Every structure is written in structure tokens, then in C-alpha cells.
Amino acid sequence: MNEHEARALLSIASEPGDERVGALVAQFGAVEALSLVSKGQLRGAIRDRLTKALASSAFETAMSRLTEVGGAFLTPDDQAWPASLDDLDLTAPLGLWCRGSGDVNDLATSSMAVVGARAATAYGERIASEVGSLAAEHGVTVISGAAYGIDAAAHRGVLAGGGRTVAVLACGIDVAYPGAHRGLLERIAENGLIVSEAPPGGQPHKRRFLVRNRLIAALSSATLVVEAALRSGSLSTANWANALGRPVWGVPGPLSSATSSGVHVGIAQGEMSIVADLAQVVATVKPVEEADSRQLTEDELGILNALTRNSFTTDELIAELRLANTSLSTHEVLAALTMLEMQGVIAQTASGWKLQ
217 MNEHEARALL SIASEPGDER VGALVAQFGA VEALSLVSKG QLRGAIRDRL
267 TKALASSAFE TAMSRLTEVG GAFLTPDDQA WPASLDDLDL TAPLGLWCRG
317 SGDVNDLATS SMAVVGARAA TAYGERIASE VGSLAAEHGV TVISGAAYGI
367 DAAAHRGVLA GGGRTVAVLA CGIDVAYPGA HRGLLERIAE NGLIVSEAPP
417 GGQPHKRRFL VRNRLIAALS SATLVVEAAL RSGSLSTANW ANALGRPVWG
467 VPGPLSSATS SGVHVGIAQG EMSIVADLAQ VVATVKPVEE ADSRQLTEDE
517 LGILNALTRN SFTTDELIAE LRLANTSLST HEVLAALTML EMQGVIAQTA
567 SGWKLQ
């Protein structure tokens, strides 16, 4: 069994985000990790599931089903693997089961997660749909979970605008969940991708939804929370995005709306930036090419790439850029900032420099 097959089998036998399995694979490789688990290196449910998988046709069944739906199983050795997932360290996925017409790495390069309440209001769904349309217009991929409410509205908005979108599922890529979204999922596969850590045929359950949220955050350049109650699962996506250093935006709603209370608290506590202009939010993750990169210097490109991830003060930008170029002087950074500001590409705000 090679590394690719071993990762697939471990993906079938383990639950997503298991740090113990991730640590073994990181240290020994998937083939050796598989051997160690089967010999009892990890005890409990994971060893039982692996023993069962090895003794059954689970691997062959999953691969057969993957072929039937025209899918693929990607690992970090594949060119299409998005490097942004490596930020998850030991909780990074062992692999991704994918179905659709897109390339994961390409789609994730300039992307925004749009998440929110399943029991969304008409206002929330309108905002999510509008964001999807704006994203399509600017070439930004929308990443969400294909759930009722905000997720579905965002997916439909980008599809209506002729854009690309990715649905990250808590079940197998061949499982329509919720069932009412079977048609939506087929459209997503035609215009983007459906991805999951769960093997084909895998059924959704509560823990998988929560763990799935880390993938949405890691695949995306930024996260937008449209509506979320105080105990909303969407807030876990925002928490993961913050932990990974990705920008997080929150759409304010009526003060009396319980559906927006989680967003309001996030904004008040500084965990989300308040959305005043949807176009500005989309602009934070738009492709650098839109800033006419042919006329930009290497220093200016470095600044723009840094600002696609977060806002920075001048001192923070200097420190960030010097990590990549130790010979870069403060004067050179200040000169590049001045030129970009004059061109209207970036602006200085109270919280730091941001893309326009």
C-alpha cells in the first residue's frame, strides 16, 4: 500500500481532525502510521475502526463509489492540494474527497467563506446572495457548507452571477445533505467543487459539522458571518479563522434580532470587523491582478499579498515583509506604501492598512 492509499484508508477509519492520527502521519508517514495504529499504537475506537476497515471491503467500496461520481481523493502530495490547509498543523485533513470541475488550490487562492444561520431572515439571505453576486463579479470563490439559510443563499448568489463556489460537506461527496439541496449540490459540482474529509457514503453527524468548519476557515482568505445567534455553529468558523490569522467580517443586523446577536457580540469584542460596504469586503480577497500587478514592484506586490490576509499597521507590515526579505529597509516599505496609496489600491484606517 502506498502513501496515497494509506491516507485514504486512514481517512475512512478515523474521524476528521484527530490530532493523534495527524501526529503519527506527520512523524512517520501514512503507511507506517497505518501499521502503528493496527499494532495498537493508538487504542480505542480508532484501532477498532481500522481493524474493521482492513477486514472489510470499505476501501474498495469507497474507491468504487468515488469513481462512479467522477471524483478524486487528494493528498498533500498532489499539485491541486491547497497549501492553506497546512496552517491547521496536526488537525489538517489526511486528504480531501472531491467532486466537481474545479481545482481546489486554484479555487482557494482568492476565496471568501460566507457562513451564517440556517434559520436565516429574509434580510440575511438577501445579503448573502448579494455577496455571492459581488464575489462572482470580482473573480472571488465563495466557500460555504451548503446548509439551509445563509450557506445556500451565498452559493446561489455566486452561481447566478456565473462565479465559482465550493461546498465543504460534513458527509460524503455523494450524499445529498440536506436532501432538498440535491439540485443545488449538482450545480455546485458543475461550477466548482464539493469537498469533504468523510469518504463516499459517509453520513453527517453533529461533531462532523463542527470539525468541518475548520476546513471552511482554512481554505478561505477571509470569513464573512452574515447572521449567527449566540450559540451558532457559524461562530466556530469565525473562531477558526481568527486562530489562523484570517480576516473575519460580521454583518450587523437589528439590535432586537436574536439571529444577529452572535455577530453583534463578535463585533463588540473585536473578533469581527463590522461590515459597512459589501464591495469593500469582497475587495479584501480579490485577485492581486485587479490592482494591475504588471506595474507593481516586488515590494508593492509583497504588501498587497500581506493585506489580502489581514490588515496591518505600518510597523507590522515592515516586520511581516522583512520575514521574507531581511535586506528590505524601512524607507523602501514606506515608499511602496505611498505609491500604492496614491494609486488608490490601499488605504490607511484606524486599524491599519487595508486593500481598497
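Count along the sequence shown from 1, add 216, and you get the number used in our numbering.
For each residue, glycine too, the CB sits at the ideal point set by N, CA and C.
These figures come from a predicted structure and were not determined experimentally.
- Residue environment analysis places Gly378 among the exposed positions, since fewer than 16 neighbouring C-beta atoms fall within 10 angstroms of its C-beta.
- Assignment of beta-bridge partners to Phe289 by DSSP yields Trp313.
- DSSP places Val497 in the uninterrupted alpha helix (DSSP H) bounded by Leu494 to Ala499.
- If you draw a straight line from the Cα of Phe425 to the Cα of Leu250, it comes to about 26 Å.
- With respect to Ile366, Leu323 sits apart: the two C-beta atoms are not nearer than 9 Å.
- Each of Leu556, Glu557, Gln559 and Glu532 was checked against the Cα of Thr546, and the nearest Cα belongs to Glu532.
- Where Val374 is concerned, there is no enclosing beta strand (DSSP E), although the alpha helix (DSSP H) around it starts and stops at Ile366 to Ala376.
- DSSP places Ile562 in the strand class (E or B) of the three-state scheme.
- Sequence-distant partners of Ser448 (beyond 5 residues in either direction) whose C-beta falls short of 7 Å from its own C-beta, in its chain, are Ala333 and Gly478.
- Here Thr381 really is in contact with Gly408; their C-beta atoms are around 5 Å apart, less than 8 Å.
- Put simply, the backbone Cα of Trp313 is about 21 Å away from that of Arg236.
- Of the candidates Ala269, Val501 and Ile534, Val501 places its Cα closest to the Cα of Glu353.
- DSSP lists Ala329 and Val464 as the beta-bridge partner residues of Thr439.
- Closest by C-alpha distance to Leu544, out of Asn521, Glu514 and Phe244, is Glu514.
- Rounded to whole angstroms, the gap between the alpha carbons of Leu282 and Phe289 is 8 Å.
- Inclusion of Glu413 and Arg403 in the CB contact set at 9 Å is not warranted, their separation being larger than that value.
- Between Ala308 and Asp302, the gap from beta carbon to beta carbon is short of 9 Å.
- Short of 7 Å from the beta carbon of Ser327, and not among the five residues preceding or following it, lie these beta carbons of its own chain, in chain order: Val356, Thr357, Ile359, Leu435, Ser436, Ser437 and Val501.
- Checking the DSSP bridge columns, you'll see Trp569 partnered with Phe528 and Gln564.
- Here Leu375 is buried: its Cβ has 16 or more other Cβ atoms, across all protein chains shown, within 10 Å.
- In this structure, Gly417 places its C-beta atom within 9 Å of the C-beta atom of Ala278.
- Scanning Val467, Asn521, Val481 and Glu536 for the CA closest to the CA of Ala495 turns up Val467.
- Under DSSP, Leu385 forms a beta bridge with Ser412.
- Here Ile490 is bridged, per DSSP, to Gly466.
- Here the C-alpha atom of Arg342 lies approximately 48 Å from the C-alpha atom of Arg259.
- According to the DSSP assignment, Thr357 belongs to the beta strand (DSSP E) that extends over Thr357 to Ser360.
- Taking C-beta atoms under 8 Å as the contact rule, Ala329 and Thr453 qualify, at a distance of about 6 Å.
- Close CB contacts of Arg538 within its chain, under the 8 Å cut and outside five residues either way in sequence, are with Leu544 (chain order).
- For the pair Leu517 and Leu571, the CB atoms are not nearer than the 9 Å cut-off.
- Going by C-alpha positions, Pro420 is about 15 Å away from Leu431.
- The DSSP-derived three-state label of Val391 is coil.
- Annotation: Met217 is outside any alpha helix (DSSP H) and is labelled neither H nor E by DSSP.
- Taking the Cα of Leu451 as reference, the smallest distance to any Cα among Leu350, Ser349, Asp390 and His480 is reached at His480.
- When C-alpha distances from Gly233 are compared across Phe244, Arg423, Glu276 and Ser254, the shortest belongs to Arg423.
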